[in-house]
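To keep things clear, I will list the structure first and then write my remarks on it.
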Amino acid sequence: MRIAVCPGSFDPVTLGHLDIINRASKLFDKVIVLVSFNANKSSAAFTVKERMEMILETTSHLNNVVVDCYSGLLADYLKQTGAVAIVKGLRAVSDFEYEFQMALANKKLYDGAETVFLNTTGENMFLSSSVVKEIASFGGDITDFVPAAIKNRIFDRLFDPSRQRPDQ
Ligand code: PNS
Numbered sequence: 007m008r009i010a011v012c013p014g015s016f017d018p019v020t021l022g023h024l025d026i027i028n029r030a031s032k033l034f035d036k037v038i039v040l041v042s043f044n045a046n047k048s049s050a051a052f053t054v055k056e057r058m059e060m061i062l063e064t065t066s067h068l069n070n071v072v073v074d075c076y077s078g079l080l081a082d083y084l085k086q087t088g089a090v091a092i093v094k095g096l097r098a099v100s101d102f103e104y105e106f107q108m109a110l111a112n113k114k115l116y117d118g119a120e121t122v123f124l125n126t127t128g129e130n131m132f133l134s135s136s137v138v139k140e141i142a143s144f145g146g147d148i149t150d151f152v153p154a155a156i157k158n159r160i161f162d163r164l165f166d167p168s169r170q171r172p173d174q
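Here the sequence shown is numbered in the numbering used here, starting from 7 and rising by one per residue.
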């Protein structure tokens, strides 16, 4: 069985993530969506449990997709699960250097898995969890960016009425 891992912070999961997960599920026998710890991101809007719940809810129609979390090194998780690939979405050239660095480091730490990059679709090119958080915090419409099933949950957590100050 060829297992792939889709790692990320998923804070929260977006339509861009779901597009990559969906396409990965067609390429591999099993896909583990792994809520992981990014040492460069200090505070999260959602707990790991909440992030997992939202991914579970929006991937339940994909029979070969499971959700897990791990706070250690991705390379160790790959070893433990026997995964043969890390699947990541690449939006633009700006993503490349960082992703390339991680791919090389993961390969050095564990030679048994390859990083596979899937290009994002044009409409998701600009989309990230940070963009969703920023828009929702100002009360903007996030309908086109996150799955309908979890839109209200995300908006209610992120909307910050104090940001809607009248113009000075
Ligand atoms: O969605 P993100 O925050 O861009 O995902 C980055 C993530 C979580 C996949 C990356 O930080 C990661 O793999 N963290 C696990 C710890 C680890 O293995 N770090 C070394 C990566 S070379």
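All C-beta atoms in this analysis are idealised placements derived from N, C-alpha and C, irrespective of residue type, glycine included.
Query                                                                                                                                           : Result
Between residue 160 and residue 79, what straight-line distance do the alpha-carbon atoms span, to the nearest angstrom?                        : 28 angstroms
Evaluate the contact criterion for the region 112-124 versus the region 37-52: three or more CB pairs, one atom per stretch, below 8 angstroms. : no
Compute the distance between the beta-carbons of residue 164 and residue 143, then report whether it is under 7 angstroms.                      : yes
Can you give the Cα-Cα distance for residue 169 and residue 138, rounded to whole angstroms?                                                    : 15 angstroms
According to DSSP, residue 144 sits in a beta bridge with which residue or residues?                                                            : Answer is none; residue 144 lacks a bridge partner.
Thinking just about the alpha-carbon of each residue, which of 53, 73, 68 and 69 is nearest to the one in residue 61?                           : 73
Under DSSP, the alpha helix (DSSP H) around residue 88 begins and ends at which residues?                                                       : First-last for residue 88: undefined, no H or E at that position.
Would the beta-carbon of residue 108 be found less than 6 angstroms away from any heavy atom of the ligand PNS?                                 : yes
Pairing CB atoms from the region 98-106 with CB atoms from the region 27-47, are three or more of them under 8 angstroms?                       : no
Within the region 87-142, note down every full alpha helix (DSSP H) run reaching 4 residues or more, in order along the chain.                  : 99-115
Could you tell me whether the Cβ atoms of residue 10 and residue 81 are closer together than 7 angstroms?                                       : no
Check whether the Cβ of residue 80 lies closer than 6 angstroms to any heavy atom of the ligand PNS, and answer yes or no.                      : yes
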